[in-house]
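Here the sequence shown is numbered in my numbering, starting from 7 and rising by one per residue. For glycine and all other residues, C-beta sits at the position ideal for the given N, C-alpha and C.
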Amino acid sequence: MAEGTKERILRTALELFAQNGYLGTSMNDIAGQLGFTKAALYKHYASKQEILDKIVERMNKMDYERAEAYEMPETEPDGFAEAYLHIPIKKIRTYSLAQFDHWTKEPFSSNFRKMLTLEQYRDPKLAQLHHDYLAGGPLEYMAAIFRKLADSDEDAMQLALEFYGPMYLLYSVYDGAKEKEAVSSLLATHIDHFIAKAESDCRKKE
């Protein structure tokens, strides 16, 4: 099926946002990259903000679909909901590796991540999106999941830091690496070591 015009605009705009930043890209830039007149672009999207809103809407939909596909709780925990306490730790491994691929290998998601990385210090709204998608949001999500392994909320957050900190770092390592699959292997090894230690610690408590 041929790519629709609106979809092409979203994809092209996001590519430019990832290269030059959201603030550094104009509607003229987007139109020029597409070979459109500015007037033709405005027939599809009234503003750059509307394009960004549609991109975020797409990312939210992808997040929901991915969590559902891997049978994970929704991405915004309500406290430490009961659903979080019954996730097999091996499922966390599979989901986390899928998340890493999502943010590094899928062009739409990878460009979204790069845009947020560029703009997190320049625009408060984009800084909040960076927090929600890539920093504090995932950290809180993992803390909720690890609550079953910890004696307190503070210990659960520490586990989340130990788990997610290297994963967050490896996003940037992946971007600059020549051997990108080696970076994915590093993450898999990190997760395996983390799980082995967590399971060992749990057995000691029994």
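(request) Out of Tyr174, Ala24, Ala46, Glu160, point me to the one whose CA is closest to Leu122's CA. (result) Comparing Cα positions, the closest option is Ala24.
(request) Using a threshold of 7 Å, state whether the C-beta atoms of Met65 and Phe118 are closer than that. (result) Going by C-beta atoms, Met65 is nearer than 7 Å to Phe118.
(message) Using only the alpha-carbon positions, how far apart do Pro113 and Lys120 sit?
(response) Annotation: Pro113 to Lys120 spans about 10 Å, alpha carbon to alpha carbon.
(message) I need the DSSP call for Ser53, collapsed to helix, strand or coil.
(response) Coil at Ser53, not helix or strand.
(message) Whole angstroms are fine: how far does the CA of Tyr127 sit from the CA of Tyr107?
(response) Reading off the sequence shown, one finds Asp at residue 107, where the question assumed Tyr. Taking C-alpha positions only, Asp107 is separated from Tyr127 by approximately 25 Å.
(request) Output yes or no for whether 7 Å exceeds the beta carbon distance between Ala141 and Ala162. (result) No, the Cβ-Cβ distance between Ala141 and Ala162 is not below 7 Å.
(request) State the Cα-Cα distance for the pair Lys96 and Leu47, rounded to the nearest angstrom. (result) Rounded to the nearest angstrom, the gap between the Cα atoms of Lys96 and Leu47 is 46 Å.
(request) Report the rounded CA-to-CA distance for Ala19 versus Glu125, giving the unit in angstroms. (result) Approximately 15 Å between the Cα atoms of the pair.
(request) Thinking Tyr177 and Thr110 are a contact (beta carbons under 8 Å), I'd like their distance in whole angstroms, please. (result) The C-beta distance from Tyr177 to Thr110 rounds to 6 Å, short enough to fall under 8 Å.
(message) For a test of the three-state rule: what should DSSP assign to Gln126, helix, strand or coil?
(response) Gln126 falls in the coil class under three-state DSSP.
(message) If the criterion is Cβ atoms closer than 7 Å, does the pair Leu145 and Tyr170 meet it?
(response) Yes, they are a contact pair.
(message) According to DSSP, is Asp35 part of a helix, a strand, or is it coil?
(response) If DSSP states are grouped into helix, strand and coil, Asp35 belongs with the helices.
(request) Compute the Euclidean distance between the alpha carbons of Pro94 and Asp159, then round it to the nearest angstrom. (result) Distance between the alpha carbons of Pro94 and Asp159: 19 Å.
(request) Quick one: residues in its chain with C-beta nearer than 7 Å to the C-beta of Leu192, no 5 flanking neighbours on either side, listed in chain order? (result) The answer, listed in chain order, is Leu176.
(request) Would you tell me roughly how many angstroms separate the C-alpha atoms of Ala202 and Ala104, rounded to the nearest one? (result) Counting only the Cα atoms, Ala104 lies some 20 Å from Ala202.
(message) At the level of alpha carbons, what is the spacing between Leu167 and Gly143?
(response) C-alpha separation (whole angstroms): 12 Å.
(request) Could you check the C-alpha separation between Thr195 and Thr11 for me, to the nearest Å? (result) The straight-line gap separating the alpha-carbon atoms of Thr195 and Thr11 is approximately 42 Å.
(message) Between which residues of its own chain and Ala183 is the CB-CB distance below 8 Å, once the five residues before and five after are set aside?
(response) The answer, listed in chain order, is Val189.
(request) In angstroms with no decimal places, state the Cα-to-Cα distance between Gly38 and Lys44. (result) Roughly 8 Å separates the two Cα atoms.
(request) Return the first residue and the last residue of the alpha helix (DSSP H) that Asp159 is part of. (result) Note, Asp159: alpha helix (DSSP H), 159-182.
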